[in-house]
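See below for the structure under consideration.
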Amino acid sequence: PSKVVSDESVALCPSYVPDISKSSGGRTFTVEWLNDSGAGRSCCSLKALTDQEVPITVAKKMIGKASIPIQFETANGDVDEDKSFVMSGPLLGPREVYCLPQAPFAVSMGETVNQRNMPFIWLPGQLPYHVTNKSKLKI
6 PSKVVSDESV ALCPSYVPDI SKSSGGRTFT VEWLNDSGAG RSCCSLKALT DQEVPITVAK
66 KMIGKASIPI QFETANGDVD EDKSFVMSGP LLGPREVYCL PQAPFAVSMG ETVNQRNMPF
126 IWLPGQLPYH VTNKSKLKI
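Quick note on numbering: this note's numbering labels position 118 of the sequence shown as 123, and the sequence is numbered without any gaps.
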């Protein structure tokens, strides 16, 4: 089964990846992800995790069978993927992240907007953000 990765973040964001090995004493690893408007699903590669100092043994233990196998259309052609892990946190909620052979750690902006009901706002001259309480949003 997929494992949990927690997060607390926005745009290029820090996330906290738990070390699930029994001998580690419950360490966490901080990683960053990008808020990707072009990603239909959240994804990353093992390299994207290990480049951010998540040990390969931990990263491999987090990955399990995806809830639904998906074909990704990438710059390098179509990629079929059936492996993923789950991360969760205040902004992202529970989020399945697909493990592609080559990919940065990219979180689907569309999933955040549509599944978490958090509109994305980017006003000229200001930093972009997700609205965490849409009942307070006035346009």
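Quick reminder that beta carbons are idealized off the backbone N, C-alpha and C, glycines included.
8 Å CB neighbourhood of residue i in its chain, flanking five on each side removed
i          : result
residue 88 : 68, 69, 70, 71, 103 and 104
residue 80 : none
residue 52 : 107
Alpha-carbon to alpha-carbon, residue j and residue i
i           : j           : result
residue 26  : residue 66  : Since pLDDT at residue 26 reaches only 47, below the 50 mark, its modelled position is unreliable, and the value read off the structure follows with that caveat. Looking at the two C-alpha atoms, the distance is approximately 8 Å.
residue 73  : residue 101 : 10 Å
residue 140 : residue 62  : 43 Å
residue 137 : residue 99  : 15 Å
residue 83  : residue 97  : 26 Å
residue 116 : residue 75  : 15 Å
residue 126 : residue 119 : 14 Å
residue 43  : residue 54  : 20 Å
residue 133 : residue 59  : 28 Å
residue 64  : residue 144 : 42 Å
Limits of the unbroken beta strand (DSSP E) element including residue i
i           : result
residue 143 : First-last for residue 143: undefined, no H or E at that position.
residue 137 : Residue 137 -> no beta strand (DSSP E), and no H or E assigned at all.
residue 71  : 69-79
residue 101 : 100-104
Neighbourhood of residue i by C-beta distance below 7 Å, restricted to the same chain and skipping five residues each side
i           : result
residue 29  : Reliability of the predicted coordinates at residue 29 is poor, the pLDDT of 48 falling under 50, and the value obtained from them is presented with this limitation in mind. Correct list: empty, nothing qualifies.
residue 142 : 124 and 136
residue 50  : 104, 105, 106, 107 and 108
residue 85  : 74 and 76
Inter-residue CB distance, residue i and residue j (contact presumed, cutoff 8 Å)
i           : j          : result
residue 129 : residue 39 : So it is not a contact: roughly 21 Å between Cβ atoms.
6 Å Cβ shell around residue i - same chain, five flanking residues per side excluded
i           : result
residue 47  : 100, 102, 112 and 113
residue 121 : 98
N-terminal and C-terminal residue of the alpha helix (DSSP H) that residue i is part of
i           : result
residue 120 : 114-120
residue 97  : Segment: none, residue 97 is in no alpha helix (DSSP H) and carries neither H nor E.
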